[in-house]
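Worksheet for the structure shown next.
2 protein chains.
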Amino acid sequence: MMPTDSRYEEIYVAKNKAELLQGTLDMLILKALSLGELHGYGIIQRIRQLSDEMLNVEQGSLYPALYRIEQKGWVSARWDVHDTGREAKFYKLTRAGRKQLETEEAGWDRLVLAIAKVRQAT
Amino acid sequence: MMPTDSRYEEIYVAKNKAELLQGTLDMLILKALSLGELHGYGIIQRIRQLSDEMLNVEQGSLYPALYRIEQKGWVSARWDVHDTGREAKFYKLTRAGRKQLETEEAGWDRLVLAIAKVRQAT
DNA sequence: AGCTATGCTTTGACAATCTAGGTATCGGCT
DNA sequence: AGCCGATACCTAGATTGTCAAAGCATAGCT
Chain A
1 MMPTDSRYEE IYVAKNKAEL LQGTLDMLIL KALSLGELHG YGIIQRIRQL
51 SDEMLNVEQG SLYPALYRIE QKGWVSARWD VHDTGREAKF YKLTRAGRKQ
101 LETEEAGWDR LVLAIAKVRQ AT
Chain B
1001 MMPTDSRYEE IYVAKNKAEL LQGTLDMLIL KALSLGELHG YGIIQRIRQL
1051 SDEMLNVEQG SLYPALYRIE QKGWVSARWD VHDTGREAKF YKLTRAGRKQ
1101 LETEEAGWDR LVLAIAKVRQ AT
């Protein structure tokens, strides 16, 4: 009994998505960039594709996050034109960014483990 | 080379902890209560203990969260005196709370899976 | 000409957590 | 008796990150 009103459809779809938790976005962005230089819009697509459509990063989340991340020196940015002839801002992981990715992945693993411990309690 | 100044000790300890991500606290509280009725302070201890000291819920996080959760009907509360003769507010999972716990666990699993997919990309 | 997808940006709202304070009782130690 | 740490609850304010919702611009397709 899926509702047909388009507004409800969106809600329905949204419920299929895993909501992002605060703190996970940076890791995802860094991970996406670890696979190669990319522009903002492409990062969104890459994350969505890699996660089998389970994760959808909003533009309003991504761009501020990219700005934060750049300020911290984890990525460097440059404007360039790509194949299609369109201009875009390309981001690249710095060495510090690669290190940060490791740190965040370790933190994530620790959290997942800790929560698993709590959950397996009977 | 662990610093000895007590303020720094705390910081040191804090860095060993997995930081809580927004959205996980409710699940942890509900899970803790699924093991049996408990009061606020006890919930903190139970979560810390079950997670092998990896998770430390702050009081300033817990009590507002408990209030939220109670408002949503996921727990019921009553004041009582426990063994030690001290008064405390005991929380109990409601049926809706048990359902909510399942929902949140499923959501958590979905998120962990989705992030794992992104992370395993080469 | 209009629509969709691409691409970047900004604003404001919102929600959750943490820091830091407050109150009070209890037991153990000196 | 006095002190202190642990227990137990509560609240205010700051911070942070995400999202919703706009706006702007271009390319390609119909």
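Same order as they appear, the protein sequences are chains A and B.
Numbering follows the working numbering, in which position 116 of the first sequence is assigned residue number 116; successive positions increment by one, without gaps.
Counting from 1 along the second sequence, just add 1000 to a position and that's the residue number in the working numbering.
Every residue, glycine too, gets a C-beta built ideally from N, C-alpha and C.
Here the structure is a predicted model, which is why all the values come from computation and not from measurement.
>> Measuring only the C-alpha atoms, how far is A:I44 from B:E1102?
In response: 29 Å
>> Taking DSSP's pairing of strands, which residues face A:Y91 in a bridge?
In response: A:L38 and A:A77
>> Is there a Cβ of chain A sitting closer than 7 Å to that of B:Q1022, yes or no?
In response: yes
>> Less than 7 Å between CB atoms is the rule here; does B:V1075 satisfy it with respect to chain A?
In response: no
>> Check whether chain A comes within 7 Å of B:V1118, counting only Cβ atoms and requiring the distance to be less than that.
In response: yes
> Can you find at least 3 beta carbon pairs, one from the stretch 1032-1052 of chain B and one from the stretch 1081-1090 of chain B, that sit closer than 8 Å?
Replying inline: yes
> Is A:A121 helix, strand or coil when you go by DSSP?
Replying inline: coil
> Closer than 7 Å, Cβ to any Cβ of chain B: which residues of the stretch 40-55 of chain A, in chain order?
Replying inline: I47, L50, S51, D52, M54 and L55
>> For a cutoff of 7 Å on Cβ pairs, would you count B:L1093 as touching chain A?
In response: no
>> Going by beta-carbon coordinates alone, are A:L55 and A:I47 separated by less than 7 Å?
In response: yes
> Which class does B:Q1059 belong to by DSSP, given the choice of helix, strand or coil?
Replying inline: helix
> Taking just the CA atoms, how far does B:K1099 sit from A:Q59?
Replying inline: 33 Å
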